[in-house]
Structure formats: structure tokens, C-alpha cells
Amino acid sequence: MKICTKNILLLATLIFAVSGTAIAAETAGTTLAILGEVQKYNRAIHIMAMLLVGFGFLMVFVKKYGRSALTATYLLVSVSIPLYFLKESFFGIGSSEGLIDKLILAEFAAASLLICAGAVLGRLKMDQYLLLGILFVPIYALNEWIVVNGGLGLISGKVVDTGGSIVIHAFGAIFGLGVAASMTTQSEYDAPIECDDTSDRYSLLGSMVLWVFWPSFCAALVAPADVPATAVNVILALCGSTIATYFASVRLRGKIAAADIANATLAGGVAIGSTCDLAAPGTAFAIGILAGIVSTFGFAIIQSRLTEMTKKVDTCGVLYLHGLPGILGGVAAMLVVSGISFGAQLSGILITLVLAAGGGLISGKVICALGRRSAPYLDDEEFEGEAFEMNEVQPRAVETDPV
Amino acid sequence: MKICTKNILLLATLIFAVSGTAIAAETAGTTLAILGEVQKYNRAIHIMAMLLVGFGFLMVFVKKYGRSALTATYLLVSVSIPLYFLKESFFGIGSSEGLIDKLILAEFAAASLLICAGAVLGRLKMDQYLLLGILFVPIYALNEWIVVNGGLGLISGKVVDTGGSIVIHAFGAIFGLGVAASMTTQSEYDAPIECDDTSDRYSLLGSMVLWVFWPSFCAALVAPADVPATAVNVILALCGSTIATYFASVRLRGKIAAADIANATLAGGVAIGSTCDLAAPGTAFAIGILAGIVSTFGFAIIQSRLTEMTKKVDTCGVLYLHGLPGILGGVAAMLVVSGISFGAQLSGILITLVLAAGGGLISGKVICALGRRSAPYLDDEEFEGEAFEMNEVQPRAVETDPV
Amino acid sequence: MKICTKNILLLATLIFAVSGTAIAAETAGTTLAILGEVQKYNRAIHIMAMLLVGFGFLMVFVKKYGRSALTATYLLVSVSIPLYFLKESFFGIGSSEGLIDKLILAEFAAASLLICAGAVLGRLKMDQYLLLGILFVPIYALNEWIVVNGGLGLISGKVVDTGGSIVIHAFGAIFGLGVAASMTTQSEYDAPIECDDTSDRYSLLGSMVLWVFWPSFCAALVAPADVPATAVNVILALCGSTIATYFASVRLRGKIAAADIANATLAGGVAIGSTCDLAAPGTAFAIGILAGIVSTFGFAIIQSRLTEMTKKVDTCGVLYLHGLPGILGGVAAMLVVSGISFGAQLSGILITLVLAAGGGLISGKVICALGRRSAPYLDDEEFEGEAFEMNEVQPRAVETDPV
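Residue numbers (the numbering used here), protein chains in the order written: chain A, 1 to 403; chain B, 404 to 806; chain C, 807 to 1209.
Rendered as C-alpha cells:
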């Protein structure tokens, strides 16, 4: 009897030890997972700051087009995020991804769309931006599915593109060039895009907001343990491209162009995307320097010649900020990442470029077919003459009749 | 003897298993709680960005009143947060709330005060804003205590208002209208509020900062596990109101008004407040669309007529951004949340409106009684003529005598 | 035999209970540590927002120098962070600090450098800012090592300076004054620094971004459990200095100066640095009020007299925003922190001032020796005449030949 009691006691202890530990581990595990999600949420908010304030103000340099650029940013974000969610709830039934993962993927789609819109900025009406968003998101999602998730089985092996150099930046830029190619009119080409007098400071504000939160963009979906190294790599790449941009701008132009500083400084962030969680810090810095040089060379030397040659206008120069540095980043991964599949990486880049170019050309034709004008748009066409006239009931005398 | 040793060993094992598990769980639990607090701190910082940069720049549209609007924002935030803390340390002795919870509640009070100040922007001197803050915070705290915490036993049942559609937005807006009603002078009414030439971009900057961080405002105090769903709901509501605002603005005005885009886009965030942690994503999107339409209708149609009718000026149109969408959000909860107490919800809304209107009217009278002028204020009255004249010791020749 | 089995079972249970608990605790502990690192990463991003958007736009008030100020900010950050990392990888081999700790320390160095640059803003070319950064970082790191880490054994006892009132703010300001002292020319002194017409709003934007994220600056490296109290202290100190600045500005100048509001409001954050994790809330508020008064007194009364007396120009008034409030904060710690070593604290302050002044004077001489001009610089000298002239291939007729 005594032994029996002891046996039961022993068994109870064993069960308690096992289950107690397991429960404690599981409870802690659940809460840890939740805290991890909330941290990911923080990065999602940082990305949102990039989308609206960052991209929005980076594009506020076209003269008399500031309100349009900001409103377009608002609309493009607001149409692409629900659209991407809609696709997720159609196709993502068996998906193990959490809600914040879906939100971040939707924000990535919005970022790529904003890059695309930069190529045709100033030449679309508001409802045409909405149409562009509706055409863009499904093709973007198709490319993402093929390149990142192995959809259709087109790519065997893993494409290395954590921070989206290829599927976000290069895709958006080339798509935008496709749209620009199929819709730029002669009169748009003839009308040079001028800048506002205060525009450079607004653009630099947008640029800085992008710079600041770029680490959260690249580290958005990496495991918590990889966030620190990823963040430091991105920051080093951005430091590299910033310094390189200054020297390249002076060297290539004689003087610094504020447009170079606002744009090419970010090329390091674009190019480090593919390898942000895998590169060594020194490599990240070098990729940033290279990207800054390539991007500044694009803005300073290639842009004007290519524009003249093709008679097509890339308003924001997305080819030089997102296109070339994005491809550079995707290619750099083949040198930097050990054990990478060359075939998969190259296929990923090529499929992205083909889908983007094709999608852009077709989207441009569709937008034109639904009616557009040949000359660029100004704020005044769609916006009320004077913004923010409140209590404008009738013309009234000012400061008469003090009570 | 041998059995005795074994018994002791057995007992020791049991104790160890129990206590070890408990200690491990408790240690992990304490640290988890601390990490949860730090995450809440992050959302508190996001809200601070909304208060200063968001509300501050949203209000920078009144001509020659930019410095005043930003300085007023600084002062209103800086007076209301310590004041709310003071109340907490008087009444919150037995409170189980942590420090960050108190900070977030203080920020909510500051947000409501900034909304209130928007109604009378341009018509107060700096020390009158401070006075307004001192009058506002106690009445705000009283209403919060009655509606949210069941103070005085006036409301039986729970009022659903997680993100403050009722107690923050509607309260602040109606309080502000009360102040405006009791102090608008004829000459103020006669002096139309004009906009700066660059003001629209500043306002859109403020608007975008509010949009970006709004999810953290609504999710500030929800449990970590509810943060993702809450954030996605808020973002979908904002997407809905942004798209709806564009279409409503074009439809109602013929052209887009930048003021609509800067303001009504945010109405989804206001209206989703009450149900942000409870609504389904589709419902959140629908509430956003509805709020965007209501708000734009307010700015485009109601504002000018109501102004003319009442001869009272609501400078920022807080009735249309915070008042109506806030009430809409509070009422929507009755349709959306299952098991909600209709009586409590309606009582909460009505008590809020009555306390806000009464508090606002009285505060306006008090401010007037302590002396004010009839005409609107300009930056120049309180600010030095030229900002930022450094080393202005004496007029000196420029660029003479290079060394 | 039966007893033997039971003994083995008992032993197994004991081992399981011990190891299971230990493993669960360790796993949870590892993940908790990782989550703690990611939270620190968030604060590092907040600091980055302060460095670029905060300091950058705070300095956009010099007329025709906006692009230069923002580009200089970009370059100073991008040169100092990799440089500090380089030092870490040379000397930090045995260091137990994590990667994010190093990043935050590098950001602190960048912050101090930006403060330093504020003293000579408008009088350096871009490559001279880079040179300044290269000269500054090693001396900054030397001082940090001596004062914070007890390097060279110069200080016995701990210097209380969690948020860097002494080693970041005072060091940067005094270093900058040293540079200004050894390089200000007569013609620079004769050329008053004028402000842009929209500059005040840009400066207030920078100021507000600094205000908002300041709690993350001070709490960057404190333990998670101390983050809430530290954050609340910093916010209360900033509220105190903001209110005090308003009253002091009106009192001392008759009217409010926007420069006071943009700058002195932040003095509370500077001064609370040393004691941010140790002061009581009321003390923090009081330190903020005192710092606001001291700083405003500096801008309103001391600046013009000192400039006239010394014939040296402190462009941004860093002595009054960072120098005096930083020293105030370091000294305040001696009254506020119980058990503080007076000797260590005083030594820390004095060594910082001596190293900063000496380093600044020498750096100024080096910069001058490598060639500089006597007159201030304008954007136009280094920047292309018009920013953002895109597709400027050739002069083209506008809106001819619509297709």
C-alpha cells in the first residue's frame, strides 16, 4: 500500500514535470509568438510611413503638381492594399501566414506600384492612377507567386530576394517604363517637367523618411534573430550609396544635383534588398557604394540621352533609382550568397523583367484606350483653384466692423 | 533508511518540478509583461508623432498663422499631458494601470484637446490656448471616467469605444464647437480664413502622418494578441475613406478640394475607433467608405451653409472630420458588435455630447471673460517679425573685407 | 529489481524535471533576449529619424542653404556611422555588446557630430563636412571611452549620463564652438545669417520630430524594465521646457521668437539626459522647466552679446540648445541621484569640455589649413542652379504639336 502510494506519487511527479514544463513552454511560446507579431506590426507601420510620407513627398517636385502627387500616393496605397488582401482571401485559404505578414506583403505591392507610378507621374489623372493600380496588382502578385513562391513550377530552386530588389523595385520600375513607353505623347515629351521652388526640400524630406525606415522594409519578414544584422547591413549600404552619390554627382556633373542626393542616396537600400540578411557588413557597404555610383551615373549621364533617344519620359527616373540598382542587387546575390542557385536567380530576374515590361506595355495601352489627353496634367485641372478656402460663403470685407 | 532517502528524494523532485516550472513561468511571465509594456511604449511614441507632427501640420493652412498653429500644438500637448498625469496621481492611487497606460491616456486627452482647438484655430492667443487646455482636461477626464470607467454609475453596461470615436473625437469636436459658438465675433466671421500658398502640402504632410500612425492610436491599449487584427481593420477603414473621399469630392464639388483629401481621408480612422478590435475586415472597409462620404459631404456641402446660418466659424471643420464620423462610429458599433448594450452605448454618446457642448460653451465664456479681441490673430502679433534672424547684432555690410 | 526500476524512474524524473525546466527557461530566455534586441532596434530607428529628419530640418533655416544643410546632414550621418563601426571592430573584439548596441552608439556619435556641425553651418563645403566627421569621430570615441567606460583610468567611479547630456550634447556643442572659434572669418562675421521665408515651418518640423522621438534616444540602451519610467521622465522634461520656453520668450523678447520655440523647447530633452532613468517625474518636469529658461535666455540674451564680443558665429546656437542645457543636466545629476560620485561626475564634465574644446580648435585649424574661403557658402556654389530639372535635354517649346 505504501509502495502503491509512492508509485502514484512518483507517476504524478513525472506527469507534472513533463506537462508542467510543456505548458509553461507553450504558454510562453504563444505569448512570444504574439509579441513577435506585434514587433512585425511595428515594421509594417514603418513601411506605411515610407509609402505615404516617403514616396509621396519624394514625388513632390513636379511644378504645379504637388497636390496631385500626394493625392495620387494616397489613392494608389488605398487601392492596392485592399486589392492585395482580396487576392489573399481568395487564394490564401491554406496559407499559414499571419495577418501582419499579409499586410506587409500588401504594402510591398503598394511600394512597387508607387515606383511604377513614378515613371508616369504628371501624366495621369486621378482615376487613371486608380486604374493603373487595379491593372498592376494582379500582375505583381502573379510575378511574386512565380518568383518567390515557386508558382507554376517555372523556377526550380530558391530566388534570393529578401528585401525585394527584384520583385519589388525592379518589377515596379520596369512596369512603369512599360506604361511610359506605350503612352508618352509627343507633346508630353516636348513639355519639360519643371520643379517647384521649394520642391527640393520636400523631396529631401521624402528621401530621408525612406532612408530612415528602409531597414524595417528589408527586415520586415525576416526572423527576429536576423533583424539586427539585416538592419545594420541596410544602414551600411545606405551610408555607402549616400557618400558615393555625393562624389559621383560632383564628379559627373561638376556640381551636386539635389535630385541625385534625394534619389541616388537610396540606391544602396534598393540594391541590398536581395542579400540584406545574408551579406557581410563590409559587403553591404560595398554594394551600397556601387549602387550609389550606378544610380548617379544613371541620373547624370544616361537619363538625358535615353530620353532624347527614345522620346519617352521617365518622370521620376525610376529606372535609375529602382530599376538598375534593383537588378544590380539581384545579380550581386550570385556573387555574395554561397550555395545560391544561379539558374533560379537568373530565371527570377528575367521572368520579373519580362512580366513587368509586358504588363506595363499592356496596362499603358489599356489606360490610353480608356481615354487620355496628350498634354501633361497640372494640379489646377483636377483640383479646386485655391486649396483650403474655408468659410468662403460669399466675398466679404476683411476686418470691418470690429465688435 | 533507504526508503526514507528515497522519499526525501522523491519529495525534492516533486517540489523542484513544481517550483522550477513555476519560477520559470513566472520569470518568463515578468519579462514578457515588460516586453509587452515596451511594445505599448512604441505605440505611445507613434501617437506622439500624430499629436505634434500630425495635428500640428494638418493645422498649418491658415494664412500667416503657421508659426502660431505649430506653437499652439506644442503648448497644448505640453500642458495637457502633465495635467492628466497630475489627475492620475491624485485619483489613480489604487489603479492597476501601468505607467505607459497612463501616458497613452494622457496622449488621448491631448489628441481630444487638439481637435477642440482646431475649431477655434486662428482666434486665440497663445496664453488662451493654455487656458483652454487647463479648462478642457478636467472635463475630458470627467467624461472619460463616466463613459469608459462607469464613473458615478450613470451608465450600466459597457460602452464600446476602444479607439475613442466617442470619448476622444466626438468629445473634442463638440467641445470645440461649444467654444467657437460662445466666442466667435462678427468681425471674425467677416474675415475669411485664407490659406498659405504652400499650405496644402504641409497639411497633406500632417494628414499622412496621422494616417500612417492611426493603427497605433486605435490599438494602443488593446491586448497584444488583438493588435494585428485591430491594425488591419484601421488600415482598411482608412483605405475606404481615402477612396470614398476622392470620389465624393469630385462628385460633390466638380473638382477635388485638397482640404477634403487632407481631412476626410482620415474619417475612416475616426469612425472605426469604436469597433476597431471587433469589426470584421469587410465591415471595417465599409465603415471607412461611409465615413469618407459623410465627412466629404460635411466639408463640401454642410460647412458653408452651417457657417452662414449660424454665423459661427469652425476653422478646421472639426465637426466634419471628428464630430460626425465619431458619432457615426459610436452608432455603428450598435449594428456591428454582437451583444452590445444599446442603452449603454446611446447613453455614452449622449452624455459625451452634452458634457462636451456644455463644457465648451462655458470654457468659451471664461476665455472671453478674461479678455479677448474681436478680430482674428496673425503670426505677427505674437511672433517676432522675421523668424530666425541670427547674429542680428547690428546692420552690417555683407561680404565686405574678405580676410 | 522492482526497486531498481523505480529508482531509475525516479532519477529520470528528477533529470527531466531539472533539464526540462532549464531548457524551457533557456529557450524562452533566448527568444526573450532576441525580442529585446528587436525592441532596441525600434529605438535605433527612432534615433535615425531624429538624425536625418530631425536635425536635418531643424537646420533648414539659413537662407539659400536648405539643400546644403540637408545634404550635409546626409553626409555627416553616412560618414560617422561606418567610421564608428570600424572603431568597434578594431577595439570591440572582446566586447559583449550586441550589434544593435553598437548601432545605437554609432548613432549617438552621429548625433554629437550633427550638433557640432550646427555651430559652423553655412560655412563649410560638403567635403569639409566629411573632413569634420573624420576628425570628430575618433575624438568623440576617445572621450566616450574615458568618461563612460573608465578608459585610461582617469575617472574613478561612475559618471551618470544615461541619455548623453554630457558626452553627446555638451561634447558636440563645445567641439563645434571650438571649430567655429578657430575658423570664423571677419567676412563671415559681417555677413548676417538670414532665414528663408518658409524656413520656420521646416525648422519646427525638425524640432517636432526630435521632440517626438527623444524618449527613444534617452531610453535607447536602458533595460526593458526601465523604459517606461525613462520615457515618461523625458516627455515630462520636454513638456516643462516647452511651456517654459514660451513664457521665457515672451518675457525676455516681448514677442515670441520662432527660433526659441523650435530650439529651446528641446532643452528639456538635453538636460534630462543624464538622469532620465533615475529622476522622479516631478524632478524631471522641474529640470525641463529650468533647461527651457536657461536655453531661451541663451538665445534671447546671451547669443547676440557673445557674438558681438567674440566676433565668432555659432550659426545654430548650439551652445544654448546643447551646450548649456547639457552641462546643466550633468550637474543636476549631482543633486538628484543619491549615492552619485561627485568627483567622477565633475571629472566627467571637465574632461568632456576640455577634450571637446581642444579637439574642436585643432579640427578647425586642420580644416582651414586644407583650404577654405572667407565668405559663407550658398547652395548655388555647390548645387546645380535649379534643382530637379528633369528631361532637360535641350530647350524645347512647351505644348506644341499635340499628337
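Every residue, glycine too, gets a C-beta built ideally from N, C-alpha and C.
Cβ-Cβ distance between residue i and residue j below 8 Å
{"i": "TYR444/B", "j": "ILE503/B", "result": "yes"}
{"i": "GLY459/B", "j": "ALA447/B", "result": "no"}
{"i": "ILE1215/C", "j": "ILE1133/C", "result": "In this structure chain C extends from 807 to 1209, so residue 1215/C is not present and cannot be described."}
{"i": "LEU266/A", "j": "SER241/A", "result": "yes"}
{"i": "CYS1024/C", "j": "GLY1079/C", "result": "yes"}
{"i": "ILE484/B", "j": "CYS1045/C", "result": "yes"}
{"i": "ILE134/A", "j": "VAL318/A", "result": "no"}
{"i": "THR184/A", "j": "VAL77/A", "result": "no"}
{"i": "LYS87/A", "j": "ALA141/A", "result": "yes"}
{"i": "SER112/A", "j": "LEU361/A", "result": "no"}
{"i": "GLY970/C", "j": "GLY860/C", "result": "no"}
{"i": "LYS931/C", "j": "ASP1185/C", "result": "no"}
{"i": "VAL212/A", "j": "PRO281/A", "result": "no"}
{"i": "GLY1170/C", "j": "GLY984/C", "result": "yes"}
Proximal chain C residues relative to residue i, where beta-carbon distance stays under 9 Å
{"i": "SER341/A", "result": "Chain C residues near SER341/A: none, gap ~29 Å exceeds 9 Å."}
Residues that residue i contacts on chain C, provided the C-beta gap is smaller than 7 Å
{"i": "HIS46/A", "result": "ILE851"}
{"i": "VAL232/A", "result": "LEU905, LEU909"}
Buried/exposed call for residue i, threshold 16 Cβ in 10 Å
{"i": "ILE1095/C", "result": "buried"}
{"i": "ARG708/B", "result": "exposed"}
{"i": "LYS1061/C", "result": "exposed"}
{"i": "GLY497/B", "result": "Reliability fails at GLY497/B, whose pLDDT of 44 lies under 50, so the model's placement of it is uncertain and the value that follows must be treated cautiously. The residue in question, GLY497/B, is exposed, as its Cβ has fewer than 16 Cβ neighbours within 10 Å."}
{"i": "VAL1160/C", "result": "exposed"}
{"i": "ASN955/C", "result": "exposed"}
{"i": "ALA1139/C", "result": "buried"}
{"i": "GLU1190/C", "result": "buried"}
{"i": "SER902/C", "result": "Caution applies to SER902/C, whose pLDDT of 47 falls short of 50 and renders its modelled position unreliable; the model cannot decide the point."}
{"i": "PHE342/A", "result": "exposed"}
{"i": "ILE814/C", "result": "exposed"}
{"i": "ILE418/B", "result": "exposed"}
{"i": "LEU11/A", "result": "exposed"}
{"i": "LYS102/A", "result": "buried"}
{"i": "GLU425/A", "result": "Residue 425/A cannot be examined here, being either before or after the span of chain A that is shown, 1 to 403."}
{"i": "SER492/B", "result": "exposed"}
{"i": "THR352/A", "result": "buried"}
8 Å Cβ cut-off: residues of chain A touching residue i
{"i": "LEU841/C", "result": "LEU32, LEU35, GLY36, GLN39, PRO224"}
{"i": "LEU639/B", "result": "ILE81, PRO82, PHE85"}
{"i": "LEU1159/C", "result": "Near LEU1159/C there are no residues of chain A at all, since even the closest Cβ is about 30 Å away, more than 8 Å."}
Neighbouring residues, chain D, relative to residue i (Cβ below 7 Å)
{"i": "ALA855/C", "result": "Absent from the structure: chain D. Protein chains present are A, B and C."}
Listed by chain order, chain B residues near residue i by CB distance under 8 Å
{"i": "GLY98/A", "result": "PRO631"}
{"i": "CYS1045/C", "result": "VAL480, SER481, VAL482, ILE484, PRO485"}
Within chain B, the residues that residue i reaches when beta carbons sit closer than 7 Å
{"i": "LEU948/C", "result": "Those do not exist, as LEU948/C stays about 31 Å from chain B at its closest Cβ, beyond 7 Å."}
Whole-angstrom C-beta distance between residue j and residue i, which should lie under 8 Å
{"i": "VAL523/B", "j": "VAL550/B", "result": "In fact, because the Cβ distance is near 24 Å, the residues do not count as touching under 8 Å."}
{"i": "VAL739/B", "j": "ALA647/B", "result": "Between ALA647/B and VAL739/B the Cβ distance is about 18 Å, and since that is not below 8 Å, they are no contact."}
{"i": "ALA509/B", "j": "PHE488/B", "result": "6 Å"}
{"i": "GLY928/C", "j": "VAL868/C", "result": "5 Å"}
{"i": "THR1116/C", "j": "ALA1070/C", "result": "Not confirmed; about 21 Å, so no contact."}
{"i": "SER187/A", "j": "HIS46/A", "result": "40 Å between Cβ atoms; not a contact."}
Contacts that residue i makes with chain A (C-beta to C-beta distance below 7 Å)
{"i": "ASN955/C", "result": "None at all; the shortest Cβ gap to chain A is about 21 Å."}
* To do: Closer than 8 Å, Cβ to Cβ, to anything on chain A: give me those residues from the segment 473-490 of chain B, in chain order.
  => none
* To do: Taking a Cβ distance cut-off of 8 Å, strictly less, list which residues of the segment 680-691 of chain B are near chain A, in chain order.
  => PRO684, PHE688
* Contact list for the segment 457-469 of chain B against chain C, Cβ threshold 9 Å -> GLY459, PHE460, VAL463, GLY469
* Asked: If you measure beta-carbon to beta-carbon, which residues of the segment 917-950 of chain C are closer than 7 Å to chain B?
  -> none
* Taking only beta carbons into account, state which residues of the segment 1056-1073 of chain C come closer than 9 Å to chain A, listed in chain order. => none
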